[in-house]
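Asker: I'd like to ask you about the structure that follows.
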Amino acid sequence: MLLKGQVAIVTGAASGIGKATAQRMAEEGASVVVADINKPDSDTVAEGIRQAGGKALSFEIDISQEDQVKAMIAFAVDNFGKLTILHNNAGPVTLLASKDRDLVNLEADMWDRAMAVALRGPMLCCKHAVPALIRNGGGAIINTASVAGKLGGHYLITHQSSKGGLLALTRAVATRHGKDGIRCNAILPGFVETPAYEKMPPVTRETLLRHTMSNRGGVPDDVAHLVVFLASDRGGYINGVEIPVDGGYSCHEPSTADFQAIEASS
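Just so you know, we're using this note's numbering here: the sequence shown kicks off at 1444 and counts up by one.
Spelled out as structure tokens, the structure:
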């Protein structure tokens, strides 16, 4: 087991990538705190892990609230004896999907509400997890960023900006606390079949898949397996990096998909 004896917190673990990561971590031997603002669904995920023979407890949290973040770290240590892994995965998915627009039409209040979860939240989680990790000689922090954090887009300026900030936070934590035994890395998902993506209009999904060089969209386990690897000793010399998990979405020139369509029709 890659994570035997480890204790992990996964935020945004009630569904999608977070849920898959919590399940895979538990399968690899970690005790997992399934943290999410959606308590009923996080309870279900934790119960499913326990029924499968793993160790998991749920914790209700709004990660933008510092007192709740401090309580989450204490909850993990009190119940499982320590903390060795933090996966910052939670994000304001519903808010971004309904309100995130181009710069001119962006609501400043929406930006503030989204950034409170998308960037302030991971910062707070790192702030309060780092001392707990150091007490155990170090550990791993994995941040769920996005290819959007490195690429410009027509809409979703808040999403792009927050994920770009999360990449900077990742490098800062790795730089400041690497000598403390802490590894901090970012994963950059592309098109992954999560509840948020399932609600997209068909034309949006088709466009994203057309620009994905692999022959399918991603699934949460594609990301979860990488998170487990980065959290394990097998990723022990990887620190401060950004790893796309996007099926080749970000590797090519913007015109590639159009040229492929031209070639296929000729």
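The beta carbon of each residue, even a glycine, is placed where N, CA and C say it ideally should be.
Can you tell me where the beta strand (DSSP E) holding Arg1626 begins and where it ends?
Answerer: 1625-1632
Asker: Buried or exposed, going by whether 16 or more other CB atoms sit within 10 Å of the CB of Pro1535?
Answerer: buried
Asker: Mind checking which residues open and close the alpha helix (DSSP H) that includes Ala1517?
Answerer: Note, Ala1517: alpha helix (DSSP H), 1509-1523.
Asker: Looking only at its own chain, which residues have a Cβ that is under 7 Å from the Cβ of Ser1675, when we skip the five neighbours before and after it?
Answerer: Leu1445, Leu1446
Asker: List, from N- to C-terminal side, the alpha helix (DSSP H) runs of 4 residues or more that fit wholly inside the region 1518-1597.
Answerer: 1536-1542, 1551-1558, 1564-1578
Asker: Excluding sequence positions up to five away, which residues of its chain have a Cβ less than 7 Å from the Cβ of Leu1652?
Answerer: Phe1634, Gly1660
Asker: Near Gly1621, which residues of its chain fall below 6 Å by C-beta distance, leaving aside the five closest residues on each side in sequence?
Answerer: Taking C-beta separations shorter than 6 Å and ignoring five residues to either side along the sequence, the partners of Gly1621 in its chain run Asn1682, following chain order.
Asker: Per DSSP, what are the beta-bridge partners of Val1688 in this structure?
Answerer: The partner list for Val1688 (beta bridge, DSSP) reads Pro1632.
Asker: Report the rounded CA-to-CA distance for Asn1658 versus Cys1627, giving the unit in angstroms.
Answerer: For the pair Asn1658 and Cys1627, the Cα-to-Cα distance works out to about 31 Å.
Asker: DSSP three-state call for Val1666: helix, strand or coil?
Answerer: helix
Asker: Quick one: complete alpha helix (DSSP H) runs, 4+ long, within the region 1456-1484?
Answerer: Inside the region 1456-1484, DSSP marks whole alpha helix (DSSP H) runs of 4 or more residues at positions 1459-1470, from first to last along the chain.
Asker: How would you label Gln1494, buried or exposed, when you count the other beta carbons within 10 angstroms and need 16 or more for buried?
Answerer: exposed
Asker: Sort Ser1708, Ile1506, Gly1448, Gln1449 by Cα distance to Ala1456 and report the nearest one.
Answerer: Ile1506
Asker: Mind checking which residues open and close the beta strand (DSSP E) that includes Ser1708?
Answerer: It is not in any beta strand (DSSP E) - Ser1708 instead sits in the alpha helix (DSSP H) that spans 1699-1708.
Asker: Count the other CB atoms, across all protein chains shown, that sit within 10 Å of the CB of Cys1694; report buried if there are 16 or more and exposed otherwise.
Answerer: With fewer than 16 other Cβ atoms within 10 Å, it is exposed.
Asker: Provide the residue(s) that pair with Ser1501 in DSSP beta bridges, ordered along the chain.
Answerer: In DSSP, Ser1501 forms a bridge with Val1477.
Asker: When the Cα of Ile1528 is compared with those of Glu1706, Ile1625, Val1646, Met1643, which residue comes out closest?
Answerer: Ile1625
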